[in-house]
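This report refers to the structure that appears directly beneath it.
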Amino acid sequence: MSKSSTSDRRQRAPSLEGILWQLAQVFWVGGLWVFHVGLVPALKVSGLAPLLVHDVAAQIDRWLIGVAWLGLMTQLAVLARVEGLAAWWRQFRGQMLLLGFAACVSYYTLRYGISVGERWQMFCFLVLGFSGIVLVAQPVPVRARKARH
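Numbering (the working numbering), first residue to last: 21 to 169.
Here it is, written out as structure tokens:
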């Protein structure tokens, strides 16, 4: 009986890939939402000048997009290692990661390349944030364990 409980614990132990997946997700998805849902509204009600709050938010946005890009790249690498490269377009998780990656590239292209209005940049930010929320609801990719005989 103790052998089965030990083997059950081993099967439930998170893999390195699973830990990397969740850690990357916490940093990029959590960072985006905590900043825009928590910090920016707190700055607005704190009495700071609206232009200052807007400038701080714009400066931090570009860094948050960079953190999100690194997190997405980490999750794409984990997904490719666990499920194969084809999982990027065949699985819903992979499609959401690619959507988030495209939102990051679009944000930087719109900010530094084309220099269009802030509304399109905010649209990219929202696409990135909502793709992150959808990814949080998806299961962590795990490598199939081989049965021992």
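We put the CB at the ideal spot given by N, CA and C, even for glycine.
- The residue among V156, I85, P70, F145 with its C-alpha nearest the C-alpha of F112 is V156.
- With 16 or more other Cβ atoms from the protein chains shown falling within 10 Å of its own Cβ, D81 counts as buried.
- Rounded to whole angstroms, the Cβ separation of A123 and G91 is 13 Å, and the two are not in contact under 8 Å.
- Its chain contains S35, E37, G38, V102 as the residues whose beta carbon lies nearer than 8 Å to that of V162, once the 5 sequence neighbours on both sides are disregarded; these appear in chain order.
- CA-to-CA, the gap between W140 and Y128 works out to about 11 Å.
- Inter-residue distance for F121 and Q115 is about 10 Å (C-alpha atoms, whole angstroms).
- The C-beta distance from A100 to A107 rounds to 7 Å, short enough to fall under 8 Å.
- Secondary structure note for H74: its alpha helix (DSSP H) is the uninterrupted segment 70-103.
- L63 and V76 do touch by the CB rule: their CB atoms are close to 7 Å apart, below 8 Å.
- Restricted to the region 106-145, the alpha helix (DSSP H) segments that are unbroken, complete and at least 4 residues in length are 107-110, 112-128, listed in chain order.
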